[in-house]
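Peer 1:
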Amino acid sequence: MRRVCLTLPTNRACVPALLALAEEAASGAREFGVEVELLVLDSSPAPVAAGHAAALAALPPVPGVRVHHLDEDAQRSFLAWAVARAGLAEPERILGLLLPDAVSYGACTDRAFLFAEALGCSSVHRRDSDSRYQLLDGAPVFPLHQELDALGLPAAEVAGRIGGGRRLERIRPGAGQLPVALVGASFIGELSVDVAEIQELDPAVHTELVGLSLPPSTPALWRGQAIREAFRGAGTEPFTADRATLGQVAPNRVDMCNVALGREVYGRIPLPPAVDTIGTDYVLLHVVHHARLPGVLHNRHIVNFHTGERRTASGHTAYHLRLARFLLLSGRLAHLYDALADLADPLDAGQVASAVREAADGPTDHPPGHDGPSGDAERLSTIEGCYRRLGGAFDRVANALAERRKELLDGARADLRDFADLIDAWAPLTAAVRSEGRTLVPTTAATSRTVPVRWQGGEPRRGPLTLGQANMIRCILRDGAADVDIHDVWPVPAGAAIEAVLDALRTLTVRHEALRTVFPQPDGATPNEQLVLTEGEFDVTVVDFDTLPVDPGGYADELARAVRRAPFDLGRDHPLRAALLTERGTPTHLALVAGHAAADGSALAVLREEWTDLLAGRELAPLGDTLTPIALAEEESAPAGRRKAEASVRYWEKVLRTGPQAMFAEPRARAAGGPAAQLTLRSARGGEALARASARLGVPASTVLLTAWCALVAHRAGQRAYVGAAPTANRWKAQLTRAVTPLSQDALILLDTTASGFDELLGSAWSAALNAYRHSRFDAVRLWETIDRTTVERGSRFARDVVFNDVSGLPGALRPAAATAQAAPDLELTWGDEQALPTALLAFVYRTDPLLHLALWPDPQLFDRGEAEGFLTGLVRLLEAAADGDVPLAELTAVTGVRTAERDAEWQLVDGCWVSPAATAAALSDALDGRPVHVTADLTAYLAGGPTPARAHAALMRILPARPGVLAPRRYLIVPETPAEPGLPQAWLQQPALTEGSGRPQADPR
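In terms of our numbering, the sequence shown opens at residue 6 and continues consecutively.
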C-alpha cells in the first residue's frame, strides 16, 4: 500500500493547526486508501510540546493514519543513531547541521525527509504552523487531495485527467513516462515575507530590498512586476473550484507550506541547513525545475497569517535579521540556480554539491549590464543602508547588521559549504534509515568518532590494469559503485583492543599492493593504469554503544550497506572503508566495505583470515610467489594470456548468437534496473536435501544446487535453454589462490534444459558449467565490443537478466548475519531492503551445509512477493525430490508449485528467443517517432517510405535495452504508402516493396 508522510515542523504552540492536520490526514487515508504517517517535529519549549502531545494523543484512532509526535530529545536520539549508522566522517558536525540550536527551515524539513525514509514513505507533504486551510461551503480545502491525485503517477496518466500533454512535450523527451515529482500551490492572506510595512514606509526602500531577492539577470522589463508580486503568493482570491496545471512548475509559484515532493527528489538532494534565515528551503523547487521533471501546480492555496510573536520588538528584529541573511545569500543562490540549469543531471548529488561549492567560493559579481550591488560586502552594505533609511524599529535591525557584519559575511559562504557537505552525507544517511516499519526512536543510542589510520611502506610501482580491474572499473563507472562494491562483517576476536584492530588493517594495507593502489583518471577519463603508493591514510569510524543492539552483526551489516552508497574516488581513495562497533570501548564487529576494483569476495576472505590471524598474534606466512596485480597484468598481456582471453570472447559470442537473449521475455517484463527487495532463504530442509542428493548422485552439493536453479529458472521462464551469468573466482592457479585483486569475472552458462529428467540434466549442467568457467577470463572492453556487434547483427540485446553467484565455498566472506536467532530453521523466508539492480533475478548462495542459506533479488515486475517466496520454496521442494530419486522435468509444476510464465498465442519462439511481433512493431514505431509499421509472425517488418532498412534497424537497436520481449525484424520491407487502415495486415502485404533488407551493417553494405 502507498505510504505518505504528512508533516508539520513547529517551534510554537499550534494545537489548532495540529488538529486540522490530523483531519487532513484522515481525509487522505479515507479518500485515497493510502497509509498516512502524520509526523509532528516539535521544537517547542517542553510545556508547549507536552500540550501538543496530549492533543494528538486524544485524537480518536483513524484507519490508515499513524501519528508520530517527536520532541527534540526524540529527534536527537534518532538522528544520532542514524548518523552513527551511516558511518559518516564527521558525525557530530552532521548531527549539528540536521538539528541546530537556531531556527532552520531547511534543517527541519531535512529531518522530515529522513523520518519519512525511515517510515518507508514514497512522498513528503509539508505544512506550516502559521497557516490554515481555506473553507468551501464550511468544509476545509485540503491540498492533500491534489497531491495524492498526481504525485508519483506517470505524467501521461495525469495529463489524461487534467490535460497538459503539450506542455509535457516541451519539458523533455519522454516526460510522459516520468512520475510527477512535485505537486504544490501557494498561499493567500498575509505576505509570506513581512515587507508590507516597509512598502508603506518607503516604496523606494521596498523596491531596493525586494529587488535583492531577484536574480541579477532579471530583465529590466520584468523587474518591476517581479518586485510587485514578490512574496504575495496567489493574492487574495478564495478557492471556488479545482484548477490544476501539469508541466514544469516555476519555483516562485509554490510555497513550502503547501508542497509535496516525491522521494526520487528528496531522497537524493537535501535542503540547505542554514540557520536564522528564510528562503533557502526553496532550493529543491529549483532542482526539480532545472531537472525538467513534471509537476502539478494547483489552486488549493493555504491561508497564511503572521503570529503574534512577529509583532513583538524582539520577534520583529529577529525576523528581519533572517530576511537580511536571505537577501545577502540571494546573490550566491542566484549563481547556484544558474549552475543547476547547466548541470547534466540536477539530481546528481555529486554535481549539485560541486555547484554549491562553486557558489560558496566563487565571486558574486553581477553580469555586465545589470545594476545592483557587486559582491557580498556591497550587498550587505546595501541591506544595512536600506534598514537605516527606514528608521524607527528598523534601526535595531541596521545596528545588528553592523555589529555582526563579519559573522554575516563569513556565514554566507559557510551556509553553502555546510549544504555541500550535507549533500555528500545524504546518500549514506538515507540508506541508513530506510526500512519499512522501523521505529523512529532507536532503543539503543550510540556515539561515534573518526580515527585516522596512517600507513607507510612498500615500493612505488606503475603498470597496466589487470583484466579483472578493467572489468570492475567499467562496471563501477557504468552501474554506480553502490551496486558494484562489496562489503563484509568481521567479528572481532575476544580481547582485541581498538588499536590492535586498526594496526591489523594497517599491516594488511602495507602487505598487499592492491590496498595501496589507485587508478588515475586524468580529466575524468576511464583509468587505464594502476599506481601503487607508498604512504597514505584512511579513516575508521568507531561506533560505541553502552549496550549493543540485539543483533550487532545485523546492525554492522546494515551499517556497511549504508557506507557502500558513497563511491570511492578511484584515483585517490584508499580502497577500504571501515566502521568498528564497540561496547563501552571493547570492539565487537568490523563492518568493512571494499572497492571492487581492488578486491573481490575471495580476496576479502583472504584479508579476513589474515586479519583474524594478526589479532590472534599469529605470524602471517610470506606471500612468496603470489602474483601482485601488476605481475598478473604482465602475465595476462603475454601471448598465452591474450590467446586465453580471445578464446573466452569467442565462447561468449557463440552463446550470444544461439541462446535466449533474455530469459524473462514475457508480457510482464520491462527493462531491469528498478528497485528489488532482498528475499533471504534459510532452510535446514534445503541443506539436508542437498546433502542427500549430493550423496545419491556422487557430485558436490554446489553442482546439485546449480542444476536445480537452472532447471527451475528455465521452467519458470518457459525456456528450452538456460543462459545465466555465474561469477567465478578464477583462482585455480597456486599463484592466485591468495592474491588480493579482483579475479572474479562472469562465466556465461548455456544449458539445454530439454533433458527428460533431473539426473540427465545434472550431467549436462556439470559440462556446461566447466566450459563456462574455462572461458571466464576476458578483456571486458573487447567482450562488450563483441556483445554490441553480435547483438546488432542478431537483432537483439543481451539482457544478462539472470545471475547466480555461489560464494558458499568461501570461508565466511560476504555472508550476512542471520535474520533471526533461530540457528537452523526448517524453512525461513525474510524480506530485506530494496536495491536497484540491473537484473531480473539475482541469487547469492552463502551456505549449503548444514542449512541452505541464499538471498534472492527478484524483479517485482516479474515476481510479486508471493511468487518470489513460492520460487524459493519450490527450489527446496525440487532438491527434496532430487534427493529421493530422479525427477521428470515435465512435472516441475507439480513438484515445485512454480508455474511457467503465461504468454498468449501471439508470442513466438524465434531463433531461440521468445518474442512478441506486436511488441516488436510497437518498439519499431516508437523508434521511428510514431511511424505506423506492421510486423508479421515471421518478423518481417513493413513500413512506408522514409527510412532505409539500415536506418530503421539502427533506430530500433537504440531502444532495445528497454524492451526484453523484442527481437528486431529479420527483414524490413519499404512499401509505397501507409495504408488508410494501418491495423489491417493485408493492406500492408499487398503492396509492392520499394526496397528491402535485413538492415544489418554486414548484410547490407552501403
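In this text, a Cβ means the ideal position worked out from N, Cα and C, and glycines have one as well.
(1) Does the region 985 to 993 come close enough to the region 927 to 947 to have 3 or more Cβ pairs within less than 8 Å?
(2) Considering just the uninterrupted stretch of the beta strand (DSSP E) at Gly194, what are its terminal residues?
(3) Just confirm the distance between the C-beta atoms of Ser761 and Leu894, as a whole number of angstroms; I'd bet it's less than 8 Å.
(4) Roughly how many angstroms lie between the CA atoms of Leu867 and Ala845, to the nearest whole one?
(5) Could you check which residue in Gln230, Leu187 and Ala209 has the C-alpha nearest to that of Pro256?
(6) Counting beta carbon pairs with one atom in the region 746 to 757 and one in the region 770 to 779, are three or more of them shorter than 8 Å?
(7) So, are the CB atoms of Arg521 and Leu510 less than 8 Å apart?
(8) Flag this pair as yes or no: are the beta carbons of Arg882 and Thr901 separated by less than 8 Å?
(9) Measuring straight from C-alpha to C-alpha, what distance separates Ile176 and Val292?
(10) CB-CB under 8 Å to Ala824, same chain, minus the five flanking residues each way: which ones, in chain order?
(11) Where do the N-terminal and C-terminal ends of the alpha helix (DSSP H) with Tyr324 fall, by residue?
(12) Would DSSP call Thr223 helix, strand or coil?
(13) Going straight from the alpha carbon of Val39 to that of Leu553, what length do you get?
(14) Around the C-beta of Leu298, are 16 or more other C-beta atoms found within 10 angstroms, so that it is buried, or is it exposed?
(15) Apart from the five residues on each side of it in sequence, which residues of its chain come closer than 6 Å, Cβ to Cβ, to Val88?
(16) Take the Cβ of Gln151 as the centre, count every other Cβ of all protein chains shown within 10 Å, and call the residue buried at 16 or more, exposed below.
(17) Let me confirm a value: Met477 is counted as buried when at least 16 other C-beta atoms fall within 10 Å, else exposed. Which label applies?
(18) Going by Cα to Cα distance, which pick from Gly272, Ala417, Thr712 and Ala955 is closest to Gly2?
(19) Leu46 and Glu29 - do their beta-carbons sit closer together than 8 Å?
(20) Name the residue from Ala231, Ala973 and Gly240 whose alpha carbon lies nearest to the alpha carbon of Val215.
(21) Mind reading off the beta-carbon distance from Val523 to Arg577? Whole number of angstroms is fine, and I expect it under 8 Å.
(22) Tell me the rounded alpha-carbon separation between His211 and Val200.
(23) Report the rounded CA-to-CA distance for Leu597 versus Pro220, giving the unit in angstroms.
(24) State yes or no: is the C-beta of Glu3 within less than 8 Å of the C-beta of Arg908?
(25) In this structure, how does DSSP classify Ile307 when only helix, strand and coil are distinguished?
(26) Given this structure, state the Cα-to-Cα distance separating Leu628 from Ala608, to the nearest angstrom.
(27) What residue from Val797, Ala405 and Asp142 has the CA that sits closest to His321's CA?
(28) Nearest to Pro105 by CA position, among Ala85, Leu124 and Arg90, is which residue?
(29) For Ala501, which residues of its own chain have a beta-carbon under 7 Å away from its beta-carbon, when the five flanking residues on both sides are left out?
(30) Pop quiz: His601 and Pro747 are said to be a contact at Cβ under 8 Å. What is the actual Cβ separation, rounded to whole angstroms?
(31) So for Ile283, helix, strand or coil by DSSP?
(32) Shortest alpha-carbon distance to Phe118 belongs to which of Ala31, Gly380, Tyr727 and Leu434?
(33) Which residues in the same chain have their Cβ closer than 6 Å to the Cβ of His780, if we skip the five residues on either side of it in sequence?
(34) For Thr663, which option in Ala530, Ala674, Arg35 and Ala726 has the closest C-alpha, if you only look at C-alpha atoms?
(35) Going residue by residue through the region 532 to 556, where are the continuous beta strand (DSSP E) segments of at least 3 residues, counting only ones entirely within it?
(36) Just the C-alpha distance for Ala957 and Leu421, rounded to the nearest angstrom, thanks.
Peer 2: Reading from the atomic positions:
(1) With the cut-off at 8 Å, the region 985 to 993 and the region 927 to 947 touch.
(2) First-last of the beta strand (DSSP E) with Gly194: Phe192 to Gly194.
(3) Yes, Ser761 and Leu894 are in contact; Cβ-Cβ is about 7 Å, under 8 Å.
(4) Their Cα atoms are separated by approximately 8 Å.
(5) If we check each option's Cα against that of Pro256, Leu187 comes out closest.
(6) Three or more pairs of CB atoms, one per stretch, sit closer than 8 Å, so the region 770 to 779 contacts the region 746 to 757.
(7) Between Arg521 and Leu510, the gap from beta carbon to beta carbon reaches 8 Å or more.
(8) When the beta-carbon positions are compared, Arg882 and Thr901 come within less than 8 Å of each other.
(9) About 14 Å.
(10) Bear in mind that the predicted position of Ala824 carries a pLDDT of just 45, short of 50, making it unreliable; the figure below should be weighed with that in mind. A distance below 8 Å between beta-carbons, with the five flanking residues on each side excluded, links Ala824 to the following residues of its chain, in chain order: Gly559, Thr685, Arg687, Glu833, Thr835 and Gly837.
(11) Residue range Ala318 to Asp347 is occupied by the alpha helix (DSSP H) that includes Tyr324.
(12) In the displayed model, Thr223 falls within coil according to three-state DSSP, outside both helix and strand.
(13) Taken atom to atom, the span from the alpha-carbon of Val39 to that of Leu553 is near 36 Å.
(14) By the 10 Å Cβ count, Leu298 comes out buried.
(15) Non-local beta-carbon contacts of Val88 in its own chain, meaning distances under 6 Å to residues more than five positions away in sequence, involve Pro96, Ile99 and Leu100 in chain order.
(16) Flag for Gln151 reads buried.
(17) By the neighbour-count criterion, in which 16 or more other beta carbons inside 10 Å mark a residue as buried, Met477 falls on the buried side.
(18) Any question about residue 2 goes unanswered here, given that the chain covers just 6 to 1011.
(19) Here Glu29 is not near Leu46, since their CB atoms are 8 Å or more apart.
(20) Closest option to Val215, Cα to Cα, is Ala231.
(21) At roughly 6 Å, the Cβ-Cβ gap stays under 8 Å, so Val523 and Arg577 are in contact.
(22) The alpha-carbon atoms of His211 and Val200 are separated by roughly 7 Å.
(23) Leu597 and Pro220: Cα-Cα distance of roughly 46 Å.
(24) Residue 3 cannot be examined here, being either before or after the span of the chain that is shown, 6 to 1011.
(25) In the structure shown, Ile307 sits in a strand (DSSP, three-state: E or B).
(26) Using only the alpha carbons, I get a separation of about 14 Å.
(27) Out of Val797, Ala405 and Asp142, Ala405 has the C-alpha closest to the C-alpha of His321.
(28) Minimum Cα-Cα distance from Pro105 among the listed residues Ala85, Leu124 and Arg90 corresponds to Ala85.
(29) Here the set comprises Pro592 and Leu620.
(30) With a contact defined as Cβ atoms closer than 8 Å, His601 and Pro747 qualify at about 6 Å.
(31) Note: Ile283 maps to coil in three-state DSSP.
(32) When each option's Cα is compared against that of Phe118, the closest is Leu434.
(33) These residues qualify, in order along the chain: Ser653 and Tyr656.
(34) Taking only the C-alpha atoms, the option nearest Thr663 is Ala726.
(35) Complete beta strand (DSSP E) runs here, min 3: 534 to 537 and 540 to 550.
(36) Distance between Ala957 and Leu421, taken at the CA atoms: about 49 Å.
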